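In the UniProt record's numbering, the protein residues as written are 1 to 205.
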């Protein structure tokens with residue numbers, strides 16, 4: 001019984017350990033710099049300053065650590081969907097908040113997202129995960145626009161179907177994130193530009 005309890009404690013400690021976080025951070029830097037295909041476990045362990053044996057204590061393969069990083073991106077996008085006590089009829093505030101939150105996620109993960117986009121073309125499991133991440137954001141915005149329009153919460157004049165507007169909004173985020181990372185525009189300028197585009201598309205400007 002004691003042995004089983006100790007094993008459970010070790011498993012919990014391993015999952016939550018600082019070493020695992022260090023390996024994830026090192027893996028992310030390697031993938032962002034080299035891409036998925038060219039990167040090796042040896043590259044990751046060299047970046048982290050640990051042995052291959054240490055890597056395999058925490059991850060079974062390069063694919064597993066990459067999947068964990070993809071899941072971290074997913075979780076960041078899910079967190080960005082949270083709207084704390086913003087009334088549904090305050091459409092401009094809803095969009096300013098969500099656009100800013102999504103932009104922050106993409107700015108923070110842009111290099112990794114580029115690798116994810118490429119690798120998803122070759123990995124069916126990753127493609128399903130990445131497609132789900134993107135679809136959630138589009139579906140959420142489309143549902144919100146439909147609700148606001150159908151319930152008369154705001155005087156919308158949609159230039160296209162809700163889903164099309166949601167797809168457009170999502171597509172512009174990566175482009176503006178690249179500009180923010182390059183220093184071409186500030187984060188706040190990007191938010192205001194994207195907000196203006198969306199508000200015009202839904203007839204509020």
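C-beta atoms are modelled at their ideal positions from N, C-alpha and C, and glycine is treated no differently. Just so we're clear, the structure is a prediction, and the values are computed from it rather than from any experiment.
{"query": "Under the three-state reduction of DSSP, which class applies to residue 161: helix, strand or coil?", "result": "coil"}
{"query": "Using 8 Å as the cut-off, can you tell me whether the stretch 38 to 52 makes contact with the stretch 77 to 90, which would need three or more C-beta pairs spanning the two stretches below that distance?", "result": "no"}
{"query": "Kindly indicate which residue of 109, 47, 100, 148 has the alpha-carbon position closest to the one of residue 75.", "result": "109"}
{"query": "Comparing C-alpha positions only, which one of 24, 203, 168, 139 sits nearest to residue 54?", "result": "24"}
{"query": "Can you give me the start and stop residues for the alpha helix (DSSP H) that residue 114 sits inside?", "result": "91 to 119"}
{"query": "Taking the CB atoms as reference points, tell me whether residue 146 and residue 162 lie closer together than 7 Å.", "result": "yes"}
{"query": "Enumerate, from N- to C-terminal direction, the unbroken alpha helix (DSSP H) stretches of 4 or more residues contained entirely within the stretch 50 to 82.", "result": "52 to 58, 62 to 80"}
{"query": "What is the rounded straight-line gap between the Cα of residue 64 and the Cα of residue 56?", "result": "10 Å"}
{"query": "Thinking C-beta only, is residue 165 closer than 7 Å to residue 124?", "result": "no"}
{"query": "Specify, as a first and last residue, the run of the alpha helix (DSSP H) that residue 192 falls within.", "result": "187 to 201"}
{"query": "Would you give the residue range spanned by the alpha helix (DSSP H) that residue 144 belongs to?", "result": "124 to 150"}
{"query": "Compare the C-alpha of residue 196 against each of 186, 66, 99, 67 and name the closest.", "result": "99"}
{"query": "Is residue 28 buried or exposed, if buried means 16 or more other CB atoms sit within 10 Å of its CB?", "result": "buried"}
{"query": "Between residue 170 and residue 138, which are expected to be in contact by the criterion C-beta below 8 Å, what is the C-beta distance as a whole number of angstroms?", "result": "6 Å"}
{"query": "Rounding to the nearest angstrom, what Cα-Cα distance links residue 101 and residue 78 in this structure?", "result": "10 Å"}
{"query": "Roughly how many angstroms separate the alpha carbons of residue 38 and residue 32, rounded to a whole number?", "result": "11 Å"}
{"query": "What's the gap between the Cα of residue 22 and the Cα of residue 49?", "result": "10 Å"}
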